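Here is the structure we will look at, set down as structure tokens.
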Amino acid sequence: MDDSLVLEYDVPGDDFTRAGEASSATKATLKRLGLPADIIRRVSIVMYEGEINMVIHADGGKATVTVSPDAVTMVLKDTGPGIPDVDKAMQAGWSTASGAARDLGFGAGMGLPNMKKWSDRMTIDTAVGVGTTVTAVIDL
Amino acid sequence: MTLRELMDAGLFQVVNEGADPERTVDCVFCCDLLSVAMGKAPAGCAWVTVMANLNTLAVASLTDAACVVLASGAALDETAAERARQQGITVLATDQPIFEAALMIHHRIHG
Ligand SMILES: Nc1ncnc2c1ncn2[C@@H]1O[C@H](COP(=O)(O)OP(=O)(O)OP(=O)(O)O)[C@@H](O)[C@H]1O
Ligand SMILES: [Mg+2]
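So the protein sequences, as listed, match chains Z and D.
Just so we're aligned, residue 8 is where the first sequence starts under this note's numbering, counting upward by one.
Just so we're aligned, residue 38 is where the second sequence starts under this note's numbering, counting upward by one.
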């Protein structure tokens, strides 16, 4: 393809010691590419929330980040339990996070709302028992 | 106020000095819920929290916080302390509760 750069990460499930690695690596790459600080911050927020959701709700997944001349596109794909009610999941404060996740500071129910707020476009493609794919785009 | 000045003030235990002690601390931010901090922590803040784990460090680094201040005696385990060293994140600690810890920094910033 054109001048797109594609970054791919395997996000391990339930490994809190590695949670955030994909986001950190993405941030470092965007910094090297010289993208504006506010874009990097927004990508970091969206990536981190999506990455953590795959870790704490879906036993891991795959993150793909495509940097093209006009946008950064993040695709977070898992084969976890799926989201039964997306409208509910999108509500600020709604969470099914486990006690263990809450003990670590997760479970405010703000991850998906943050992702929506800081991206320009976001779609959630999910089916119960099949998995969830969240696609978020930040325009450059 | 720089991180160096904050560390030299003797108010906090220095858990990890971090990569950039000359960095300016612009403001104080208090929160223990990671995704709330992720969405709201201003870049350059001193982030005061009792949540002391690897995820705290990830959020601090991704939001570009100037430092993490662990309040109420919260402490990093050895893995997390090592991560803070690797990533050059400034981490301070105190037995003071969150409000008192934040107020001490606020007073330093605003004189
Ligand atoms: N990848 C996913 N697979 C299955 N369920 C998910 C996934 N992502 C989110 N959810 C569901 O949507 C809910 C809301 O997600 P959101 O990220 O907003 O909050 P949270 O992860 O529970 O807490 P926080 O992100 O504030 O730490 C989750 O509690 C979970 O039920
Ligand atoms: Mg979440």
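The beta carbon of each residue, even a glycine, is placed where N, CA and C say it ideally should be.
Because the structure is a prediction, the values reported are computed rather than measured.
Contact under 9 Å by Cβ, residue i with residue j
i               : j               : result
L1 of chain D   : A26 of chain Z  : With chain D running from 38 to 148 in the structure shown, residue 1 of chain D is simply not present.
A117 of chain D : T86 of chain D  : no
M122 of chain Z : E56 of chain Z  : yes
L119 of chain Z : N60 of chain Z  : yes
A70 of chain Z  : T33 of chain Z  : yes
V84 of chain Z  : T130 of chain Z : As written in the sequence, residue 84 of chain Z is Lys, which differs from the Val given in the question. Not closer than 9 Å, so no.
R60 of chain D  : T93 of chain D  : no
D22 of chain Z  : V62 of chain Z  : yes
V51 of chain D  : I146 of chain D : no
R49 of chain Z  : S126 of chain Z : yes
L111 of chain Z : L71 of chain D  : yes
Within chain Z, partners of residue i - CB distance below 8 Å
i              : result
D57 of chain D : Within chain Z, no residue comes near D57 of chain D; the closest Cβ sits about 14 Å away, beyond 8 Å.
A80 of chain D : A44, R48
T93 of chain D : G112
N90 of chain D : F23, L111, G112
D69 of chain D : G112
Paired residues, beta bridge with residue i - DSSP
i               : result
S75 of chain Z  : Z:A78
D17 of chain Z  : Z:K69
G138 of chain Z : Z:A134
Where residue i meets chain D, residues with beta-carbon distance less than 8 Å
i              : result
I52 of chain Z : M75, G76, L99, T100
M97 of chain Z : Per Cβ cutoff of 8 Å: no residues; M97 of chain Z is ~13 Å from chain D at best.
S30 of chain Z : A95, L99
Y55 of chain Z : M75, A95, V96, L99
Chain-order list of residues whose beta-carbon lies under 6 Å from that of residue i (same chain, five-residue window excluded)
i               : result
A78 of chain D  : F66, W84, T100, A102
V137 of chain Z : G89
S102 of chain Z : G114, G116
M88 of chain D  : D69
Simplified DSSP assignment, three categories, for residue i
i               : result
F136 of chain D : helix
T127 of chain D : coil
G106 of chain Z : helix
R128 of chain Z : strand
N90 of chain D  : coil
Cross-chain neighbours of residue i in chain D, by beta carbon under 9 Å
i               : result
K123 of chain Z : Per Cβ cutoff of 9 Å: no residues; K123 of chain Z is ~11 Å from chain D at best.
A134 of chain Z : None at all; the shortest Cβ gap to chain D is about 24 Å.
Contacts around residue i, its chain only, beta-carbon distance under 7 Å, and the 5 residues preceding and following it disregarded
i               : result
G110 of chain D : D132
R120 of chain D : L91, L94
Cross-chain neighbours of residue i in chain Z, by beta carbon under 9 Å
i               : result
T116 of chain D : T24
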